[in-house]
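Counted the way my numbering counts, the sequence shown spans residues 18 to 1000.
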Amino acid sequence: MNNDHRFSSDELLKILSLSPNATAIYTTNQLIIQTANDAMIALWGKDRSVIGQRFEDAIPELKGQQFIGLLQNVLKTGRTYQATDTPATLRVKGKLQTSYFDFIYRAIKNENGEPYCILHTATDVTERYLNQQTLANAHKTSEALTREQALNEELAATNEELNAINEELKNAQDKLQLLNAELETRVTERTRALTQSESNFKNMILQAPVAIGLFNGHDMVLDMINDKFLELWNRDQSIIGQPLELALPELKDQPFLKIMQGVYNGGPSYFGNEAEVKLQRKGKLETGFYNFVNHPFKDDQGNTTGIIVVASEVTDQVNAGNKVKASEQRLHNMVMSTPINMAIFEGRDLIVTIANLSMLNIWSRTAEQILGKKLLEIFPELIGQPFPKLLQDVFDTGKRVAISEIEVDIATAEGTKHLFVNFSYDPLFNQAGEVESILASVVDITDMVNARKQLEESEAEQLALNEEITAANEEMAATNEELYATNEELSETQLDLQDTINKLAESEGRLRYMLADAPIAIALMTGRDLVVEAANKMVLQAWGKDDSILGKPLKAAVPELAGQEFLTLLDEVFVTGVPYYGNEVKALLEQNGVLEEVYSNFVYHPLKNDDGQTVSIVLVANVVTEQVVARKKVEEAEEKTRFAIEAANVGTWFLNIETHEFVISPRLKEQFGYYANEDVSYEQVSSQIPEDYRDKVLNAIADAIATGRDYSMEHPVVGFHDQKTRWLRALGKLYPDATGKLSHFSGLIIDITEQKQDEMRKNDFIGMVSHELKTPLTSLSAYAQMLHARAQKAEDNFSAGALEKVNTQVKKMSTMINGFLNVSRLESGKIFLSKHDFALDDLVQEMIADTMLTIASHTITLTCAEPLAVHADRDKIGSVLSNLLSNAIKYSPRGKNITVECKAEGNMALVSVTDEGMGIKAHDIDRIFDRYYRVESNHTQTISGFGIGLYLCAEIVQRHDGQIGVESQSGKGSTFYFTLPLN
Ligand code: ADP
């Protein structure tokens, strides 16, 4: 080949196109494919038609890949671009596929050094590239494997570690769960105990034979009110929830609401003793007497939220006149019997005067060890603890101190006891309002606090473990978180449980508190043997025992019960589970070594376990011996009276003046001529009294009812069936009911027919004899006067004197006989008044002058201020005056003065005769105007008389529409007076 031969462009292109290397030439800025050999066209996956097209039109799939930019850059800069293993994605046989290329874009320049076309050569290196790639990957994998193995080993180690930790965690969790379960059991147990205790207390309160109630807020809204209270009020459940004023409006003018509000507003507890309470019962206001206690009821913070009232009715006791014990004794009893730990410290020296059983328990001391001693001497360990200062503060301020959950150390024989307690110190004031002593109440909450502390500790432990685990491993952290969540749940449960416990404890405390003041006997006996678990002071008192019986079976504790019905009854309650109620049951119990009758109202209440089996029995009792004995005495007396009345053949009646209920005995019916078994009304009875007596009888009854004076009457009746006339003496009186109000009129009727007949015969006889005696006496008097005149004339002084005495005696005798005659006339209705107008003052003067003629032993003074004109029987009024004057002389010692006064009072004339004599005792005054009534005394025995003078006076004055009466003081003198209507 000739070296000088220059190839034309076409020739060059031809040669190029034969090259096995893919080659192409692009010209101008448009990158027109000037030429491309078959290898290049195959590589592109196109055909020869691409020659002459723009590069980007010919191979459109290259748009977005780097090549067009690279080509333009080469053309612009003239710098050749070379690359290996470059991927290019081309459409070959209709499919897009990526292959790898080594290629060169070489710039071909003209003489001026300007690039005018690009020579593109390329080699498909896809296979090599992929092989290389596979190799590289294989290498990488082997390296990775090595690394992985190392890692695995490391992981295994970690895993083992984690497993260990995990196990630990698991253990911790198990422990926690165990602890929790234990806690839960304990809480459940405590809850059960509290629930049981609460229900016991609730039962006790609801069934207590005394009234117990809780009143909330200033308005005293009725909250928990037991049946006894409702019964006492005569109300039903519907009043619960109402304020007291609305529920019991009758209390409005009574002091109780104020007293309760006083206690509510911070005042001290109030003890009412035999307080008189008026309650609306069965439609009327009834008065009763009650012992009661008003106690503030407080919440956890010590704020008073209500008042607890415990009341028991003592109306019977009060009515029977029994005195209730002093209030100190009650306070003592209250403290001693309460199940709350209580003690009283007196004075700033804090002398322990009272401490109840439960307090002694907490202190681990016996009563002898502490009573009468100073608190700080008993418990020197308290010095340095906060209590002595708090107690002195109560003395200084008079304010209550209460603290929750405080730790106390108490030295006991077994070492120091650490306790957690809630306590309060309440000041007790004397009359002057100074703090005299302090009531300390303590609630032992050690168990509760310990349980809570354990819970807190376990929570802390758990938290520490959790932190460790979180650091160690995320997976473990997750586990831990789970555990934590579980724990949280558990502690939430705990809190819930704690809350329940608190609520229950509060409720239980509240109930305990209520019982504390109840003046009732309460005991708890467990098992079929009835082991006495608890017994408050009242029970021990009733049994006549001390607390040494605690823990013994009832049979051994109170041996005198053997042979009485109680042990059998209790056993029945235990076996059947049915409560037993006893009302006024008599028990023989040893009191100070002697068997005595004790009466009580009580309930045996069975307490059951979850299976419904009785486990113990609560005894709640109210000792009512005094009431029962008092009532029995009354009943016995009544019985005796009834026997006596029946034996004496006396009729009795009862008339309720409000309801007009009329009850009469069979004997009374017979007295009125009815049959013993027929029903007879008040009207029927009255209609058997003859008309001329009937009004008098009915008026006397009406008068007795209106004035409350005794009713006493003698009157005939004509028998209903037999038409027989009988004389009856009726006696009656107005009697009070239980509230003290005079409400019924009752009494008895005695058949006096025979006496009456005797009397009438006697009267007739006396009348006849008196009448017969009058004639001889008149002539005797005349002769005596005649002889007297003669003797005077003959100056026979002795005879004149003797005959004057005869005259006086005859006068006395005729007065007496006149008296008898008058009585007999009066009785037979044959006394007549012959009335005239005359001056009463003149008559008085005359009668005094007459009397003065015969006696010289007394002086008589008359004061008569004005003339008194009356229309009356002058003789009979004269005899009244003479009677009063002669009595005044008869019943007062010689030398005494007698004062007579007459005056007008309104439209009546009043005459009074006052003496300075022996006077008349109050109980005789009422009967002094009765026929034949004489005061019986050593003194009057020696004074002659028949007891008919005043009877006649009264009859005469009454028949003149006047009144007669006496005012007298035994030993000082009497004033007899009578009135007559003025003209
Ligand atoms: P007698 O005939 O007994 O005096 P009276 O009917 O006059 O009967 O009096 C009844 C009783 O009243 C007397 O027995 C007496 O005990 C008492 N009595 C009457 N007047 C007086 C008086 N002035 N002072 C004291 N007692 C009197």
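C-beta atoms are modelled at their ideal positions from N, C-alpha and C, and glycine is treated no differently.
- Exposed is the label assigned to Gly300, since fewer than 16 other Cβ atoms lie within 10 Å of its Cβ.
- Cβ-Cβ separation between Arg71 and Leu92: approximately 13 Å, too far for a contact (criterion under 8 Å).
- In this model, Leu136 and Ala39 are separated by some 10 Å (Cα to Cα).
- Pro707 and Gly690 have their C-alpha atoms spaced approximately 13 Å apart.
- Looking only at Thr992, Pro570, Ala604 and Gly230, the smallest Cα-Cα distance to Gln581 is reached by Ala604.
- The stretch 247-264 and the stretch 407-424 do not touch, with fewer than three beta-carbon pairs separated by less than 8 Å.
- For secondary structure counted as the beta strand (DSSP E) over 3 or more consecutive residues, the stretch 594-678 holds these complete runs in sequence order: 597-608, 611-625, 631-640 and 668-673.
- Ranked by how close their Cα comes to the Cα of Gly962, the residues Asn188, Gln740, Arg948 and Met57 have Arg948 in first place.
- The beta carbon of Ser798 lies closer than 8 Å to those of Asn824, Val827, Lys828 and Ser831 in the same chain, with the five residues before and after it left out.
- Selection Glu330, Ala328, His312 and Val331 evaluated against Thr322 yields His312 as nearest (Cα-Cα).
- Lys989 has its CB no nearer than 7 Å to any heavy atom of the ligand ADP.
- At least 8 Å separates the beta-carbon of Glu972 from that of Leu857.
- With 16 or more other CB atoms across the displayed protein chains lying within 10 angstroms of its CB, Arg207 is buried.
- Counting along the chain, the unbroken beta strand (DSSP E) around His853 starts and ends at His853 to Ala856.
- DSSP places Gly86 inside the alpha helix (DSSP H), whose first and last residues are Phe84 to Thr94.
- When only Cα atoms are considered, Leu445 and Val369 end up about 14 Å apart.
- DSSP places Gln114 in the strand class (E or B) of the three-state scheme.
- Of the candidates Arg65, Ile85, Cys134 and Thr304, the residue whose Cα lies closest to the Cα of Gly95 is Cys134.
- By the C-beta density criterion, Gln986 is exposed, having fewer than 16 other C-beta atoms within 10 angstroms.
- With fewer than 16 other beta carbons inside 10 angstroms of its own, Val611 counts as exposed.
- Inside the stretch 738-818, DSSP marks whole alpha helix (DSSP H) runs of 4 or more residues at positions 770-810, from first to last along the chain.
- Residue state for Val714 is assigned as helix, using DSSP reduced to three classes.
- With contacts defined by Cβ atoms closer than 8 Å, Ala538 and Val640 form a contacting pair.
- Using a Cβ distance threshold of 8 Å, Val294 and Gln271 count as a contacting pair.
- Closest by C-alpha distance to Asn358, out of Ile371, Glu655 and Ser682, is Ile371.
- Here Val592 is not near Ile566, since their CB atoms are 8 Å or more apart.
- Excluding its 5 nearest sequence neighbours in each direction, Asn233 has C-beta neighbours in its own chain below 7 Å: Asp240, Thr322 and Gly323, listed in chain order.
- At the C-beta level, Ser763 and Leu672 come within 8 Å of one another.
- Annotation for Ile400: Leu393 place their beta carbon closer than 8 Å to its own, counting only its chain and skipping 5 residues before and after.
- Exposed is the label assigned to Phe815, since fewer than 16 other Cβ atoms lie within 10 Å of its Cβ.
- In this structure, the ligand ADP has no non-hydrogen atom nearer than 7 Å to the beta-carbon of Lys893.
- Only exposed fits Gln774, as fewer than 16 other CB atoms lie within 10 angstroms of its CB.
- The stretch 912-961 contains, as complete alpha helix (DSSP H) runs of 4+ residues, the segments 939-942 and 955-958 (chain order).
- For Tyr691, the shortest C-beta to heavy atom distance toward the ligand ADP is 7 Å or greater.
- Residue environment: Met803 is assigned as exposed (fewer than 16 neighbouring CB atoms within 10 Å of its CB, all protein chains considered).
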